[in-house]
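*Asks:* Mind having a look at this structure? Questions to follow.
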Ligand SMILES: O=P(O)(O)OC[C@H]1O[C@H](OP(=O)(O)OP(=O)(O)O)[C@H](O)[C@@H]1O
Ligand SMILES: O=c1cc[nH]c(=O)[nH]1
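Residue numbers (UniProt numbering): 1 to 165.
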């Protein structure tokens, strides 16, 4: 199987910084923000965005890990923050890859059980194969691929990359 690198470490860093600036621009009038990331890689990406946001803004940032069963996303979703902690919050939901949109839309549905003040989405790679009415407000890369191909993002301590196989 051939692995084609789509994004290298430096490119992922640049895209993370750009998304952090876009989030800051969108939420600059607010005091607090929740950055919620879908396990596993989406949560790592969310942590990286939050770290950049902390460098460039004075927003009070809370990080939330979101556990979703990706085969059955309608099953109950677990969050590391309690619902009271994101009620009426400004929230950005983060994942690494957006393909059919099923993971993202069911997770959005979960968060809509409580009122959210301003709600945005961010992904590193948008594959343009959506089956659901959902979009990424902030995206690192928009990529046209065949349905058979798979995009994987690998976050390692010193060397992160994304590849197509
Ligand atoms: O838009 P969708 O069609 O729902 O696909 C997107 C999801 O697929 C990936 O997870 P994957 O199923 O590869 O599991 P992983 O958590 O092991 O990466 C990716 O991390 C997204 O969460
Ligand atoms: O290509 C794909 C499809 C689903 N999930 C991924 O992470 N990559």
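Using N, Cα and C, we set each Cβ at its ideal position, and we do this for glycine too.
Report buried or exposed for residue 29, applying the criterion of at least 16 other Cβ atoms within 10 angstroms of its Cβ.
*Replies:* exposed
*Asks:* Which same chain residues, not among the five before or five after residue 19, have their C-beta less than 6 Å away from its C-beta?
*Replies:* The beta carbon of residue 19 is closer than 6 Å to those of 49, 122, 138 in its chain, skipping five residues each way along the sequence.
*Asks:* Take residue 64 and list the residues in its own chain whose beta-carbon comes closer than 6 Å to its own, dropping the five residues that flank it on each side.
*Replies:* If we look at residue 64 and ignore the five residues flanking it on each side, its Cβ neighbours are 34, 36, 79, 80, 81.
*Asks:* Since residue 56 contacts residue 24 with CB under 8 Å, what's their CB separation in whole angstroms?
*Replies:* 6 Å
*Asks:* Measure the alpha-carbon distance for residue 9 versus residue 118 and round it to whole angstroms.
*Replies:* 31 Å
*Asks:* Going by beta-carbon coordinates alone, are residue 85 and residue 62 separated by less than 8 Å?
*Replies:* yes
*Asks:* Taking the DSSP output, what are the residues bridged to residue 7?
*Replies:* 162
*Asks:* So, helix, strand or coil for residue 148, using DSSP?
*Replies:* DSSP places residue 148 in coil when its eight states are reduced to three.
*Asks:* Measuring straight from C-alpha to C-alpha, what distance separates residue 54 and residue 17?
*Replies:* Those two C-alpha atoms are separated by around 11 Å.
*Asks:* Any chance the CB of residue 71 is under 7 Å from a heavy atom of ligand 2?
*Replies:* no
*Asks:* Would the beta-carbon of residue 146 be found less than 7 Å away from any heavy atom of ligand 1?
*Replies:* no
*Asks:* Residues in its own chain within less than 6 Å of residue 97 by CB, not counting five upstream and five downstream?
*Replies:* 125, 151.
*Asks:* My output table needs one value for residue 102: the three-state DSSP class, helix, strand or coil.
*Replies:* helix
*Asks:* Excluding five sequence neighbours on each side, which residues of the same chain lie with their C-beta closer than 7 Å to the C-beta of residue 147?
*Replies:* 129
*Asks:* Measuring straight from C-alpha to C-alpha, what distance separates residue 68 and residue 76?
*Replies:* 8 Å
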